[in-house]
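Every letter in the sequence shown is one number past the one before it in the working numbering, and letter 117, counting from 1, is 569. Every residue, glycine too, gets a C-beta built ideally from N, C-alpha and C. Have a look at the structure below before the remarks.
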Amino acid sequence: MSYDAIIVGGSYAGLSAALQLARARRRILVIDEGMRRNRFAATSHGFLGQDGRAPGAIAADAREQLLRYPTVEWRDARAEEAEKQGEGFSIRTSDGRQLSARRLVLAIGVTDELPEIPGLAERWGRAAFHCPYCHGYELDQGEIGVIASSEASMHHALMLPDWGRTTLMLDGCFSPDAEQQAKLDERGVTIETARVKEISGHADVVFEDGRTFSFAGLFVLPKPRLASTIAEQLGCDFEEDGLYPFIKTDLTKETSVPGVFACGDAARAAGSVALAVGDGNIAGAATHQSLIFR
Numbered sequence: 453m454s455y456d457a458i459i460v461g462g463s464y465a466g467l468s469a470a471l472q473l474a475r476a477r478r479r480i481l482v483i484d485e486g487m488r489r490n491r492f493a494a495t496s497h498g499f500l501g502q503d504g505r506a507p508g509a510i511a512a513d514a515r516e517q518l519l520r521y522p523t524v525e526w527r528d529a530r531a532e533e534a535e536k537q538g539e540g541f542s543i544r545t546s547d548g549r550q551l552s553a554r555r556l557v558l559a560i561g562v563t564d565e566l567p568e569i570p571g572l573a574e575r576w577g578r579a580a581f582h583c584p585y586c587h588g589y590e591l592d593q594g595e596i597g598v599i600a601s602s603e604a605s606m607h608h609a610l611m612l613p614d615w616g617r618t619t620l621m622l623d624g625c626f627s628p629d630a631e632q633q634a635k636l637d638e639r640g641v642t643i644e645t646a647r648v649k650e651i652s653g654h655a656d657v658v659f660e661d662g663r664t665f666s667f668a669g670l671f672v673l674p675k676p677r678l679a680s681t682i683a684e685q686l687g688c689d690f691e692e693d694g695l696y697p698f699i700k701t702d703l704t705k706e707t708s709v710p711g712v713f714a715c716g717d718a719a720r721a722a723g724s725v726a727l728a729v730g731d732g733n734i735a736g737a738a739t740h741q742s743l744i745f746r
């Protein structure tokens with residue numbers, strides 16, 4: 453079965469891209485395995501007009517609106533393999549289907565790999581976060597803890613005093629040099645050098661020396677990785693910002709492989725619902741125009 457475009461990933465970026473193509477009356481398929489990056493969070497913030505809503509509700513509404521368009525199909529599956537095939541592309545899904553399209557939009561997202569600290573995963577998105585703009589305000593200027601996962605956690609530590617009094621727990625990851633220490637001092641950040649044993653309660657950090665610090669919320673910089681190898685299979689180029697490699701695109705969100713577009717967290721160094729929706733809008737419109745002007 454052939455389509456004008458297949459969108460791989462049905463979260464915010466994929467839904468937004470699909471909407472532009474649907475409104476252009478193109479025959480499209482969205483393939484989605486239901487693993488949104490923010491599925492652990494109870495509420496979403498910073499997205500104009502949707503602030504404070506459950507992220508699943510935002511996605512569900514968007515899907516329902518998209519599927520009103522008669523040229524849209526949806527498949528609950530994982531895209532396992534992709535390859536260039538003649539003038540288009542072929543996709544094999546986890547449910548055994550072989551599908552083809554003239555264009556591909558990769559909205560594959562990323563998966564966050566957390567430090568192996570007991571109790572952290574259970575609190576991810578609820579009392580432990582990675583985005584201050586998404587969750588910092590709701591901590592109501594309470595005590596904030598930053599658990600370092602690398603030297604890049606300095607970024608968190610220097611930002612978060614705008615949301616509450618901040619403690620940086622080095623956890624053996626690095627030691628601030630003189631310049632870094634001066635910046636931390638300027639921002640009023642407290643340094644804790646003891647190793648973290650576990651997290652308990654709401655956001656209570658238990659140290660190996662037996663002490664426990666209680667926080668309104670914790671911030672940890674995870675190590676993101678692409679949630680699919682589809683882009684690699686297709687031969688897309690990547691770029692890296694020091695945290696993870698993401699798919700390289702031009703201003704229209706087209707990758708180095710003509711006819712393959714990418715959007716959302718898989719195609720930028722940082723992400724949010726608002727950015728994903730904007731990315732998808734660009735990618736969807738550009739995908740449509742590529743079907744006409746090439």
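Extent of the continuous beta strand (DSSP E) to which residue i belongs
i	result
Gly669	669 to 672
Val524	524 to 528
Asp456	454 to 460
Asp449	An answer regarding residue 449 cannot be provided, because it is not within the stretch 453 to 746 covered by the chain.
Ile596	596 to 599
Pro697	697 to 699
Leu481	480 to 484
DSSP state of residue i mapped onto helix, strand, coil
i	result
Glu539	coil
Thr739	helix
Gln472	helix
Ala580	strand
Asp503	coil
Leu551	strand
Ala721	coil
Cross-strand partners of residue i (DSSP beta bridge)
i	result
Asp564	Pro676
Thr714	A small correction: the amino acid at residue 714 is Ala; Thr does not occupy that position in the sequence shown. Looking at the DSSP assignment, Ala714 forms a beta bridge with Leu558.
Val658	Glu650, Thr664
Ala494	None, per the DSSP bridge assignment.
Run of the alpha helix (DSSP H) containing residue i, from where it starts to where it stops
i	result
Ile682	682 to 686
Pro507	507 to 518
Leu620	Per DSSP, Leu620 belongs to no alpha helix (DSSP H); it is in the beta strand (DSSP E), 618 to 621.
Lys635	630 to 638
Glu644	No alpha helix (DSSP H) holds Glu644; the beta strand (DSSP E) holding it covers 642 to 644.
Leu610	606 to 611
Arg575	572 to 575
Heavy atom of the ligand GDP within 6 Å of residue i beta-carbon
i	result
Pro697	The model on display carries no ligand, and the ligand GDP is accordingly not part of it.
Residue i and residue j closer than 7 Å at C-beta
i	j	result
Ala469	Gly736	yes
Ala529	Ser546	yes
Thr739	Ala457	yes
Pro674	Glu565	yes
Cys688	Thr704	no
* **Cβ contact check for the stretch 569 to 581 and the stretch 473 to 486: 3 or more pairs under 8 Å** => Proximity of the stretch 569 to 581 to the stretch 473 to 486 falls short of the contact definition, fewer than three beta-carbon pairs being nearer than 8 Å.
* Asked: Do the stretch 706 to 717 and the stretch 727 to 742 meet, that is, are 3 or more Cβ pairs less than 8 Å apart?
  -> Counting Cβ pairs under 8 Å, three or more are found: they touch.
* To do: Please confirm if the stretch 584 to 603 is in contact with the stretch 666 to 676, defined as three or more CB-CB distances below 8 Å between the two stretches.
  => Look at the beta carbons and you see the stretch 584 to 603 touching the stretch 666 to 676: at least three pairs across the two are nearer than 8 Å.
* Do the stretch 631 to 640 and the stretch 649 to 659 touch if we need at least three Cβ pairs shorter than 8 Å? -> Here the stretch 631 to 640 does not lie against the stretch 649 to 659, with fewer than 3 beta-carbon pairs under 8 Å apart.
* **the stretch 530 to 550 touching the stretch 702 to 712, judged by at least three CB pairs closer than 8 Å** => Taking a cut-off of 8 Å for Cβ pairs, the stretch 530 to 550 and the stretch 702 to 712 touch, as three or more such pairs fall below it.
* Assess, as a yes-or-no matter, whether the stretch 637 to 650 is touched by the stretch 615 to 627 under the definition of 3 or more beta carbon pairs within less than 8 Å. => Contact holds between the stretch 615 to 627 and the stretch 637 to 650, because three or more Cβ pairs, one in each stretch, are under 8 Å apart.
* Okay, do the stretch 681 to 691 and the stretch 601 to 610 touch, 3+ Cβ pairs below 8 Å being the bar? -> No, they do not touch.
* Are at least three pairs of beta-carbons, each pair with one atom in the stretch 460 to 478 and one in the stretch 551 to 561, less than 8 Å apart? -> Output reads yes: the stretch 551 to 561 touches the stretch 460 to 478.
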